[in-house]
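Undergrad: Each residue of the sequence shown is one higher than the last, beginning at 24 in our numbering. Quick one: the structure is below, and I'll ask about it shortly.
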Amino acid sequence: MISFKPDSAETVIRRELAIISKTRDLADVDVVAGDYATVSPFYSDADFDPRLFPKVTAPRLIYSFKHSHYVARGISLESGGYTQYVGLTKELCGQNFFRGRGYSVGEDYFDDKRRRIGNNATNGTVVTPSVVAHITYMVLDAKL
């Protein structure tokens, strides 16, 4: 199991792409990657006191490139505050694999957030741009 430590960034290999590629070699049908997105396998709905939310929630970005995912994680909202996505997006946008403004509205969103344009990013508002960046990349440039 992969464990992403608070206040860290890691790159992990996308093993599902190797599985899809191998399946293509073995199957008599055309196997394609679907329009899935990057949802943490550790996600679960939890029933807990909402006042604990800032203590147990940390910002996280997942960004796909080549045969990898870049995963960046902040610290608890209580400890690190609600502007942590500024630093996470600055770090993402500074990576050589970041596709840049104009590639998709996802990349534009990340670039805006690093520049502090508009409202602060939140755990809820980064989902759609992350999915758009991921699917746009999968459709236009991913080599399976």
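Glycine is no exception: its CB is placed at the ideal position from the N, C-alpha and C atoms.
#1: If you run the structure through DSSP and keep just helix, strand and coil, what is SER127?
#2: Which residues in the same chain as THR89 place their Cβ atom closer than 6 Å to its Cβ, once the five residues preceding and following it in sequence are excluded?
#3: Compare the C-alpha of ALA165 against each of SER102, GLU39, PRO77, SER31 and name the closest.
#4: Just the Cα atoms here: how many angstroms apart are SER71 and ALA81?
#5: Residues in its own chain within less than 7 Å of CYS116 by CB, not counting five upstream and five downstream?
#6: Could you compute how far the alpha carbon of THR151 sits from the alpha carbon of SER127?
#7: Looking only at its chain, what residues have a beta carbon closer than 6 Å to the beta carbon of THR159, apart from the 5 residues adjacent to it on each side?
#8: Let me know the secondary structure DSSP gives HIS92 once reduced to three states.
#9: By the three-class DSSP mapping on this structure, what secondary structure does PHE122 have?
#10: Using the Cα positions of TYR86 and TYR93, report the straight-line distance between them to the nearest angstrom.
TA: In short:
#1: Taking the first residue of the sequence shown as position 1, residue 127 is located at position 104. Correct three-state label for SER127: coil.
#2: As a working mapping, residue 89 is identified with position 66 in the sequence shown. Contrary to the premise, residue 89 reads as Lys rather than Thr in this sequence. Nothing meets the Cβ criterion.
#3: What you label residue 165 is simply residue 142 of the sequence shown in a count that begins at 1. Taking the Cα of ALA165 as reference, the smallest distance to any Cα among SER102, GLU39, PRO77, SER31 is reached at GLU39.
#4: Counted from its first residue, the sequence shown places residue 71 at position 48. Counted from its first residue, the sequence shown places residue 81 at position 58. Per the sequence presented here, residue 71 reads as Phe, with Ser not at that position. Cα to Cα, the separation comes out at about 16 Å.
#5: Here residue 116 refers to the residue found at position 93 of the sequence shown. Only PHE133, ASP134, ARG137 meet the Cβ criterion.
#6: For the purposes of this step, residue 151 is identified with residue 128 of the sequence shown, where counting begins at 1. For the purposes of this step, residue 127 is identified with residue 104 of the sequence shown, where counting begins at 1. Inter-residue distance for THR151 and SER127 is about 12 Å (C-alpha atoms, whole angstroms).
#7: Taking the first residue of the sequence shown as 1, we reach residue 159 at position 136. SER127.
#8: Locating residue 92 in the sequence shown gives position 69, counting from the first residue. In this structure, HIS92 counts as strand in the three-state DSSP scheme.
#9: Working through the sequence shown from its first residue, we reach residue 122 at position 99. Note that residue 122 is Arg in the sequence shown, not Phe. In the structure shown, ARG122 sits in coil (DSSP, three-state: anything other than H, G, I, E or B).
#10: The residue given as residue 86 occupies position 63 in the sequence shown. The residue given as residue 93 occupies position 70 in the sequence shown. Distance between the alpha carbons of TYR86 and TYR93 is about 5 Å.
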